[in-house]
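J.: Heads up, the working numbering is the position in the sequence shown plus 1251, with the first residue counted as 1.
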Amino acid sequence: MGRNIVLATAGYDRSIRLWDCNAESTYRTLHFPESQVNDLCFSSDNELLIVGGFPRAAVFNVSSSTPNPTYVFDDHRGNVTAVGCDPEGKWMYSCADDRTVKLWNTKSPQALASFKHSSPVNCIAIHPNGNFLYAGDQDGFVKVWDITASKLAKEVQPQSVESIEAIAISHDGNIIVGSNFAGASYFWSLENDPIAFDPICRNQTHHRHVLKVAFDYLDEPKFAAALTDGTVKILKVDIGKIETESDMPTVGILDNHTRWVWDVAFTSDSEHLFTASSDMTAVLVHIESGKVLTTFEGHQKAITCLAIAEVQS
């Protein structure tokens, strides 16, 4: 692939493994003994690994020799369901079952802001401009938080009131998707305004639950959904051509796991996909051929999240 890729995986065995994808082996294990890990994210400079679990978030310095976190963030009062980092790596964000979204300084365990939902918050994403957070909650709302103004900018609830389980924004910031507990994915355009939410279409992505969603890096992006039947569904998303669900063609269905798929991540060339599963494996797949290039084994329980850091070789 022309790049050095570090894969981070974690889950119910309370360990975080860092894998050298070229060597196909674990080169380091980090400790998160408090609980299972729900989400992982590398900072934009790939120096920090942000971790969300119960009942806290933590930051690890990837270059450090210590297996313990540099900072622990204790302000949440429930399961931390998702974490992320702003495009410049100056601050991080998290959401939790305690019905809050929080901003943090990555240099110290200090909360910069806290935003309140009326129900547990399951998922969160940041706009590429770094000014807006989009959070999905169990009441079925996607709420948009204006970071600069520290206020709610907009809230959207699709036709269904099912819990929003997964959310993602395309890398150009033009498309946002929210997928719910009933397997429906709602696509909106943000092309004209980060809070516009112009409807594109509704897609019944699965007959059960969608656990995680992601976009690739193309101008007309592909969309991947991690599903509870052990598969990953990949769709083509072209705003200019979509009027109905049938206008969103299926690129492929990857069937490489025997249990739930919890997380997915595209490589920057948009040709490969990492997936993580309850079957205790993560895999690297070539999307067009469907061929599994590498299987990462070593966890003792379900892998519930992954993150990748890429460095040009």
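Here a beta-carbon is modelled for each residue, glycine too, at the ideal position from N, C-alpha and C.
Note down the Cα distance separating residue 1422 from residue 1408, rounded to an integer number of angstroms.
T.: Looking up residue 1422 in the sequence shown gives position 171. Looking up residue 1408 in the sequence shown gives position 157. So the alpha carbons of these two residues sit roughly 23 angstroms apart.
J.: Do the stretch 1368 to 1386 and the stretch 1309 to 1328 make contact, defined as three or more Cβ pairs closer than 8 angstroms?
T.: Counting Cβ pairs under 8 angstroms, fewer than three are found: no touch.
J.: Smallest Cα separation from residue 1287: which of 1297, 1269, 1302, 1366?
T.: Along the sequence shown, read from residue 1 onward, the residue named residue 1287 stands at position 36. Looking at the Cα atoms, 1302 is the closest of the given residues.
J.: Excluding five sequence neighbours on each side, which residues of the same chain lie with their C-beta closer than 6 angstroms to the C-beta of residue 1442?
T.: Indexing the sequence shown from 1 puts residue 1442 at position 191. Answer for residue 1442: 1425, listed in chain order.
J.: Just mark residue 1300 as buried or exposed, buried being the case when its beta carbon has 16 or more other beta carbons within 10 Å.
T.: The count along the sequence shown starts at 1 and reaches residue 1300 at position 49. Residue 1300 should be labelled buried.
J.: Which residues does DSSP list as the beta-bridge partners of residue 1365?
T.: Working through the sequence shown from its first residue, we reach residue 1365 at position 114. Paired residue(s): 1353.
J.: Does DSSP put residue 1490 in a helix, in a strand, or in coil?
T.: Locating residue 1490 in the sequence shown gives position 239, counting from the first residue. DSSP places residue 1490 in helix when its eight states are reduced to three.
J.: Leaving out five residues on either side along the sequence, give the residues of the same chain with a beta carbon under 7 angstroms from the beta carbon of residue 1460.
T.: Here residue 1460 refers to the residue found at position 209 of the sequence shown. The residues are 1416, 1432, 1434, 1479.
J.: Quick check: what's the CA-CA separation for residue 1388 versus residue 1367?
T.: As a first step, residue 1388 must be located in the sequence shown, where it is residue number 137. As a first step, residue 1367 must be located in the sequence shown, where it is residue number 116. For residue 1388 and residue 1367, the distance between alpha carbons rounds to 11 angstroms.
J.: List the whole-angstrom C-beta distance separating residue 1464 from residue 1474, where the pair is believed to meet the contact cut-off of C-beta under 8 angstroms.
T.: Within the sequence shown, residue 1464 is the residue found at index 213, counting from 1. Within the sequence shown, residue 1474 is the residue found at index 223, counting from 1. Confirmed, Cβ separation roughly 7 angstroms.
J.: Under DSSP, the beta strand (DSSP E) around residue 1437 begins and ends at which residues?
T.: By 1-based counting over the sequence shown, the position of residue 1437 is 186. Looking at the DSSP string, the run of the beta strand (DSSP E) that includes residue 1437 is 1435 to 1440.
J.: At which residues does the beta strand (DSSP E) containing residue 1327 begin and terminate?
T.: Against the sequence shown, residue 1327 aligns to sequence position 76. It is not in any beta strand (DSSP E) - residue 1327 carries neither H nor E in the DSSP assignment.
J.: With a threshold of 9 angstroms between beta-carbons, can residue 1456 be considered close to chain B, or not?
T.: No chain B is part of this structure, which consists of one protein chain only.
J.: Tell me residue 1455's beta-bridge partners as DSSP assigns them.
T.: Within the sequence shown, numbered from 1, the residue matching residue 1455 stands at position 204. Residue 1455 is bridged to 1435.
J.: Thinking C-beta only, is residue 1293 closer than 9 angstroms to residue 1329?
T.: On the sequence shown, residue 1329 is found 78 positions in, with the first residue counted as 1. On the sequence shown, residue 1293 is found 42 positions in, with the first residue counted as 1. No. Outside cutoff.
J.: How should residue 1278 be labelled, buried or exposed, when 16 other C-beta atoms within 10 angstroms of its C-beta is the threshold for buried?
T.: As a first step, residue 1278 is located in the sequence shown; it is residue number 27 there, counting from the start. Classification of residue 1278: exposed, given that the 10 Å Cβ count is below 16.
J.: To the nearest angstrom, how far is the alpha carbon of residue 1540 from that of residue 1527?
T.: Looking up residue 1540 in the sequence shown gives position 289. Looking up residue 1527 in the sequence shown gives position 276. The straight-line gap from Cα to Cα measures roughly 19 angstroms.
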